[in-house]
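As they're listed, the protein sequences go chains A and B. Going by this note's numbering, the first sequence opens with residue 6, and the numbers climb by one from there. Going by this note's numbering, the second sequence opens with residue 36, and the numbers climb by one from there. Virtual Cβ for every residue (Gly too), placed ideally from N, Cα, C. For clarity, every value in this text was computed on a predicted model and none was experimentally measured. Below is one structure, written out as structure tokens; comments come after it.
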Amino acid sequence: MRLPFFLTIGIVCLFTSLSHAQQTTEPTTGTIKGIVRDTVHNYVLKAATVSIYRADSSVLNYQLSNNYGEFKFTNLPIGQMLRIDISNIGYETFRQNVTIPKGQSTLDLKTLVINPRNETLKEVVITIPPITYNNDTLEINAAAFKLDTNATVEDLLKKVPNITVWGDGIITVNGKEVKSLLVNGKQFFGGDNKVILQNIPKNALEKIQIFNNADRNNPLDSSLVANLKLKKGKDRSYFGKIGLGYGTNNHYQIDGNINFSTPKLQLSLIGATNDINKTPNDINTLVRNSTFKGVGTNIEYQPDFRQTGINKGTVAGAKLNYNFNPESKDWNNRSSLSSDYYFSSTESINNNQSNSITTLSTNNQIFSFSENASVGNRVNHRQNSQFTYAKKSHQLDISESFTDGYSNSSQTNIRNASNNNNQLTSTNNGSSTDNSNSQNLNLRASYGYNNYSNWKQRFKSFNMSYNLSMSNGNTDRNEITAFKDLLNPSLNRDFNRNYQTDFKNLNQNIHATISNLKYLLFGNKNLANFDGKISAKLDLANNKNKNIVEDLSGNNYQINNYLSNNLQTNQAIFTPGFSISKNFHKQLSNRYSKNLSFELTAAQQISYQDNKSIKNFQNIKKNYNNFVPTASINYSNYQYGTQQTSVSLVYNTTIGIPTINQLAPLTDSTNLYNLQRGNINLIESKNKSISVNLYRYDMRNKNTLNFNFNGAIGLIEDAIIDSSFIDANNRRNNYLANANGSKYARMYGDVRKSLKLKAAELKFGYTININFNRTPNYLNGIFNFSNNFSTDNKISTNFTFKDKFALEGTQSVATSSSKQQTLNTVYKNVTLTSGLSANYNFTKRFSVNSNISLNSNNPSIGETINFTIWNAEANYRFTKGNNAEIKLSALDLLKQNRSINNFAGTNTFTTSTRNVLQQYFMVTLSYYPRKFGKDAAKR
Amino acid sequence: MFRKLINALVLALISSFQVYAQGKIDSTEMLTLRIDPQSARGATVSQLFDEVKFIPLETTKESLFGNIAELKVAGKKFIIYDYDTRAVLVFNDEGKFVTKIDATKLHSDKEDKEKAQSYGFRAIQEDGNDYIVMFTNNNIQYFTMEGKFVKKVKNFSYFDEVTMSDGNIAVKQNLSIKKGKDSTFYKVNLINKIKKDTIGYFTFDNKMWEKDDWYGDGGISQYAPNAAFFSTFYDYNLYKITPDAVSLAYKLILPAINTLPKDFVTNPLYVKKRFEFFEKNKKVIHGLGKSYLLGDHLYLRFSNIFWDKDQKKNLIYNIKTSELISFQDLEPDSLSHFLPITDSGFGYDFENRGFLAYEGGKFYTSYSSLAMFAFKERSADKKAKYPPLLENYLKTGDRKSNPVLVVFQPKTK
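Encoded structure:
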């Protein structure tokens, strides 16, 4: 309860200093001051709204009276008649015409008496004040701001001092981030700020309410909420878009979208088709990118030039959200149902060329080349629903997701290998076709009972979750390969093989936890801050695989008895655990609150795997029994009014159970360059890891510094590794083995610093990503460690000037290296990317933007590749509501887009290039229908 | 822990007095006051008080503490209990740090199960000497005002005792009086040291803490050498204690929205369900906190656990004119250097604890440096002139400094 207080006081304090926000063009300026007083109750009014109007009734300036009831406006015109309005909840509005006399700089109105409203009299609103302060809530009244008829909520917020709408859609009030933006107390179409800000017209809005919503379970981490209260009758709305684009090389795009909203129901329908890599994977991204856009300074939703291949996509979807009790504002009294459906169909043409170097031993390498061309079709249906129910201490969540997918593809391969002397040793060419379909159902239910508000109750917390995942599908595949050994033709092999696979998987998982055992067993006793928790987890899996494999023999296909199989695996994993935790808390009232907690969990993982097959050697039963302890340390430091830092350190053990395909696979000999063998003696791998997380949240009003770092190191005992035998023709037999010495380390971090200048904003960001792997492997019987190291550093600077101009610069450096000690090989690669993008709004209707990125790829082997992608766009809005738009875009102006990928494996280094989308020009016409509230004529 | 203490003291029987009697409460002089807290008005600080003094408590590495949970004024010294550091700190009348009694100074016995930790203190006089008596889980420990350990004692009454008639009458809370096999428990006991008799008022069940939940911060508040008020749970009556008797002085009637149901105490429906009731009825006032009658001004404090910010809880009622003034509407003026005299509306020290003490005709309260620096910033336009003590603190201290004591003397005319 303490924070809301501080915050509101903060709001009051800052709003009281608004008087410099607006300036007049008058050459000489004066000051008006006074004190607002309720003489009936004999006190001054804090946070009363004092507004100054010009003679034509337009708002000149406004502020809230301070803690002493005082107000003071500077920079007011001298000798002009002005009107002063003072309003406060529960009071009659005070109104007076005033003029700062010529020759004077200050007009002191002394005490202005404001009278409580007689409740029996009807409220007569003379003029709505721009802002009011009502019971911890700051209200911004839309009607007091005169904007264009087509202005949106975003345009309004840009006019309110101390509220900033950032380029990335984040809203801050006095530097504090608004954590949730609601419309009439509810999430609006997925809660995306931009959809809300840029689609709701300012004229549909009654007021914006800003208040602090403290989380009851974590009162220190309170969050700022902004609620858009729509005018009565305006809570029924629709908005959407229809767009058509056509360009060079017959490139096209069509998209349409419509969203309906009523107090209980929200429904979106959407569809898009194009051949310019704009096929997002989920409906939210699609909705966000096909609704009305404000004239912001950001550049986004351009074709994804990084996507490989030439793709034609069609997507469509629907999304529905139903609220059972829309009036409820309590976090613990909500119930809602949401459901969405998404359809996507893509056709893609991919061409890929790659060169690999495989090191067999020092100075003995194989060079292989492969070229792959494929044409594919993929159709997917996905449906999700989610039901949430919360009442008092009970929370129930049920979600379900169903997918149905179909794909077909055909591809041709040209593969060959040469030796050190550049002599071709073998070729392995082939073609394949593939048809597959699959269905997948996921069901997840979780129930939680948490009661921390009533200290008397001993049973505090019980949580249980259940997951079910069912999938089945089948694949028809045909592989034709011809392996030619150019040195020894007797080893030549030709295959024409059909595969028919049916699979059915059923996975279930139950997890139950009872926390706070201390209260349950010992009541409110302290017990030196020790506490306990018991948990149990059960994972059940049932997988069935049926394979029928046929080989062409003469003109007929004949069953391949070795590869045809019927395999069933049942697996059960039970993990009971007991945790003990200890908490250290240190606080100094109004100064800091620090918390340190330790938790140790002792858990035993008992696993059973039973494989049944028509192949005797696959009838394997295995038991595993492992101690899987975890330990964690959490530290948090909350410094009142400054910052919050938290650090956590977690030790974890995970067990990797070998699958039947690792223990005893059926080896398919169609691709002699890659023959997978198993190892019946494999045991389970144990991954022991320590991860660390560091987080800082800045609570100051401006120039904030926030960061987030996480890292992990791990050691895998008995890791399941490759043991490969490669002959001079690049024929490879991959066996598996257990080995120690597998290690990894990774780190991710981001730092954000923002600076607010007078009319501009400056933001800096830095992200770092480091990955290290030390993977053991055997190559032709020689034990070897492969050390792979990669880094990625990116800095970005973002500058925006009012809503006119935006500039963003980025620079990233990515490095990767792979080193094989025994083989004495090192591969390195450095990629540099520089980007610059700019946006300028000439008028509210016309804007241009352009971005350029310079890419440089420097591998230690092979040539350095540089390319530049340059895009430019011009937008023009027309019609009364700015509802129509014409856009000219020029993409990849320099026609240099390429896709280069370098990959360093355990003993190989591969460079590959792929076909990509290249230069095109396009004209797009869009129309954005919007309507909030019922039509007057329909009433 | 608090409940444990209560049980311990209820069991501590008194034995040195021979005559026991059950007192009757006289209600002939009772006045009924109708009070609507929300109708309270404002006033300037100088209209109600003669003097306002801010005493910043010195901040050093050793003296750093959280906030003031309890305060005792012992002559020219302030004794403070801080729950954050579980320490008692002593400051002089200018706020200079004198000494500190923390866990390191407490003595743990070999037979003690856990290390001694303090849960509160009392300032007492024995044989003409001032002592700070620290409560620990196992015993109470005596320290001198300079922080020197004196002795440990097992049985002790944890409640402050109020003395009247030059020390001849002691008023003690929660004692049991034995008659034959049965013990009767009384909330208020007047012990006459000359006549050697004890009169007990307000019987109670010594298992009350186990049987039900009791929320409130009433008790005994002395406002004159021979006068004190007593208030108890779920009751809007103020009882007046004088050396001879306990009488019902004021019966308060509140607006319906603030009033407890009539059968709140008697209806078994509410037993052990009071928390839920208060959670649902946040405007209901549970009872009266420590109250004082100074001149014509009755200083009243209403308590409720689910705090509605707009509820006016600390009031001044003029018994002659029936004018009602609320503390949260007090207007700082030059007497208080334009600084508020409580942290209402910013922090919770005053809301949670009310006055820390009423001693020598002065009220004591405190607020954090976080609040003080915010108040100073807000009053920047006032160009207030601060006394040297405060001026120096505002220059050298910051938002993380120790809290500031606020002392104000009410006008009695």
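Where does the unbroken beta strand (DSSP E) through residue i begin, and where does it stop?
i, result
"B:SER404", "Run containing B:SER404: none in the beta strand (DSSP E); it sits in the alpha helix (DSSP H), 404–413."
"B:TRP249", "Looking at the DSSP string, B:TRP249 is not in any beta strand (DSSP E), and its letter there is neither H nor E."
"A:ILE665", "Where A:ILE665 is concerned, there is no enclosing beta strand (DSSP E), although the alpha helix (DSSP H) it sits in stretches over 665–668."
"A:TYR656", "648–661"
"A:LEU161", "No beta strand (DSSP E) contains A:LEU161, which is instead part of the alpha helix (DSSP H) from 158–164."
"A:ARG751", "747–761"
"B:TYR327", "327–329"
Please list the partners that residue i has in chain A, where partner means a Cβ-to-Cβ separation under 9 Å.
i, result
"B:SER371", "The contacting residues do not exist; B:SER371 stays about 12 Å from chain A at best."
"B:ASN316", "What B:ASN316 touches in chain A: nothing, since even the nearest Cβ is about 16 Å away."
"B:ARG121", "Simply none; closest approach about 11 Å."
"B:ARG388", "In chain order: nothing, as chain A lies at least about 12 Å away."
Does DSSP put residue i in a helix, in a strand, or in coil?
i, result
"A:PRO206", "strand"
"B:GLY130", "coil"
"A:GLU376", "strand"
"A:ASP345", "strand"
"A:ARG502", "strand"
"B:MET65", "coil"
"A:THR253", "helix"
"A:LEU473", "strand"
"B:ALA291", "helix"
"A:PRO224", "Any reading at A:PRO224 must be qualified, since the residue scores a pLDDT of 39, below 50, and its modelled position is unreliable; no value is offered."
"A:SER398", "coil"
"A:ASN776", "strand"
Is there at least one Cβ from chain B nearer than 9 Å to residue i's Cβ?
i, result
"A:ARG596", "yes"
"A:GLU75", "yes"
"A:THR164", "The amino acid occupying residue 164 of chain A in the given sequence is Lys; Thr does not appear at that position. So, not an interface residue."
"A:LEU545", "no"
"A:ASP287", "no"
Just the chain A side, please: which residues come within less than 7 Å of residue i by C-beta, in chain order?
i, result
"B:ALA78", "ASN47"
"B:LYS435", "ARG596"
"B:THR105", "Per the sequence shown, residue 105 of chain B should be read as Glu rather than Thr. In chain order: nothing, as chain A lies at least about 14 Å away."
"B:GLU366", "TYR48, VAL49"
So the alpha helix (DSSP H) residue i belongs to, where does it begin and stop?
i, result
"A:SER458", "Here A:SER458 belongs to no alpha helix (DSSP H), and DSSP marks it neither H nor E."
"B:GLN82", "80–83"
Which residues in chain B have a C-beta closer than 7 Å to the C-beta of residue i? List them in chain order.
i, result
"A:TYR645", "LEU405"
"A:LEU69", "The contacting residues do not exist; A:LEU69 stays about 13 Å from chain B at best."
Determine the closest residue to residue i out of the options, with distance taken between C-alpha atoms.
i, options, result
"A:ALA263", "A:ILE891, A:ILE275, A:TYR753, A:ASN550", "A small fix is needed here, since residue 263 of chain A is Ile in this sequence, not Ala. Nearest C-alpha to A:ILE263: A:ILE275."
"A:SER520", "A:LYS549, A:PHE464, A:LYS551, A:ASN514", "A:PHE464"
"A:MET86", "A:ILE870, A:LYS849, A:ALA60", "A:ALA60"
"A:ASN434", "A:ILE168, A:PHE467, A:PHE488, A:ALA148", "A:PHE488"
"B:GLN208", "B:ASP240, B:SER218, B:ILE255", "B:ILE255"
"A:LYS809", "A:VAL380, A:ASN844, A:ASN792, A:THR815", "A:ASN844"
Would a check of beta-carbon distances place residue i closer than 9 Å to chain A?
i, result
"B:LEU335", "no"
"B:ASN127", "no"
"B:ALA419", "no"
"B:ASP416", "yes"
"B:GLY155", "no"
"B:ALA75", "yes"
"B:PRO438", "yes"
"B:LYS96", "no"
Residue i versus chain B: which residues are under 8 Å apart at the beta carbon?
i, result
"A:GLN592", "GLY101, ASP119"
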